[in-house]
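Chemist:
Numbering (my numbering), first residue to last: 2 to 136.
1) Look up residue 74 in the DSSP assignment and say whether it is helix, strand or coil.
2) According to DSSP, is residue 82 part of a helix, a strand, or is it coil?
3) According to the neighbour-count rule (16 or more other Cβ atoms, all chains shown, within 10 Å of its Cβ), is residue 85 buried or exposed?
4) Determine, using beta-carbon pairs with one atom in the region 47-56 and one in the region 73-83, whether at least three such pairs fall under 8 Å.
5) Are residue 137 and residue 61 close, meaning C-beta to C-beta below 8 Å?
6) Below 8 Å on the Cβ atoms is my contact criterion, and I expect residue 97 with residue 115 to pass it. Report the Cβ-Cβ distance as a whole number of Å.
7) Looking at the unbroken beta strand (DSSP E) that takes in residue 113, where does it start and where does it end?
8) Just tell me which of 135, 131, 124 has its CA closest to the CA of residue 18.
9) Please report how far the alpha carbon of residue 41 lies from the alpha carbon of residue 52, in whole angstroms.
10) Measuring alpha carbon to alpha carbon, tell me which of 35, 104, 24, 89 ends up nearest residue 133.
11) Between the alpha carbons of residue 20 and residue 9, how many angstroms are there, rounded?
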């Protein structure tokens, strides 16, 4: 219900999908690359239905399955992608459609933050690029 409306900090994003300190696994394909589809369905879980600008159909995610979903503030060490224009997208936040936009301090792309006014507010980490530790 609060998507798109300004918050106290001026942002226009939804309430986080997960509370701080929790995680979930997204079993469906999530994030880029986006591929053509004949049916209008969410481009990925938590995303809108997108028309294919190169055809008559729609786009859906062919990204990795089992992405690790976090509250964005649970990964304070991640940094925005330096090629911001290529990896940002969205009108009032990040729409998650332009590939991974979060880097670990070593510079490796590890995840995608979505914070757009018409999407969920969450961080998806690529399961092939991160691992769980007890440190």
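Don't be surprised by glycine CBs; every beta carbon is placed ideally from N, CA and C. Predicted, not measured: the structure shown is a model, and the values here were computed from it.
Modeler: On the basis of the data shown:
1) helix
2) coil
3) exposed
4) no
5) In the structure displayed, the chain extends from 2 to 136; residue 137 sits before or after that span and is not available.
6) 4 Å
7) Residues 110-115.
8) Measuring from the Cα of residue 18, the nearest candidate turns out to be 124.
9) 8 Å
10) If we check each option's Cα against that of residue 133, 24 comes out closest.
11) 19 Å
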